[in-house]
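For the sequence shown, position 26 matches number 25 in numbering that gives the first Met the number 0, and the numbering has no gaps at all.
By construction, the Cβ of each residue, glycine as well, lies at the ideal position given by its N, Cα and C atoms.
The structure appears right after this line, and notes come after that.
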Amino acid sequence: MKKTETLDKARRSTIKEISVKITENRKQLFTLNQEKILGKLKNVSAIGQIKKEIARLATVLDEKVSESVK
């Protein structure tokens, strides 16, 4: 999925949905890190991609939270 598609989809989501997606990505990141340590991970760049997606989702979450406070 492209970066802009991810951001558009996240901006249309609720705060709870974004939080769930961040949690899922963190679990996936943990799994990928474990596979990397064990030497089973073939696509090491997936770790960076997941980290970036978590950061994007966290940014959108912060935007939504600050918007709801106003």
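* Find the nearest neighbour of residue 65 within the set 14, 4, 7, 1, judged by alpha-carbon distance. => Position 66 of the sequence shown, counting from 1, holds the residue named residue 65. If we check each option's Cα against that of residue 65, 14 comes out closest.
* With a 10 Å radius around its C-beta and 16 neighbouring C-beta atoms as the bar for buried, classify residue 32 as buried or exposed. => By 1-based counting over the sequence shown, the position of residue 32 is 33. Exposed is the call here.
* State yes or no: is the beta carbon of residue 22 nearer than 8 angstroms to at least one beta carbon in chain C? => Within the model displayed, chain C is absent; a lone protein chain is all it includes.
* To do: Use the C-beta contact count for residue 62: other C-beta atoms within 10 angstroms, 16 or more gives buried, fewer gives exposed.
  => Locating residue 62 in the sequence shown gives position 63, counting from the first residue. Classification for residue 62: exposed.
* Asked: In whole angstroms, what is the alpha-carbon distance linking residue 60 and residue 36?
  -> Mapped onto the sequence shown, residue 60 falls at position 61. Mapped onto the sequence shown, residue 36 falls at position 37. Rounded to whole angstroms, the separation of the alpha carbons of residue 36 and residue 60 is 31 angstroms.
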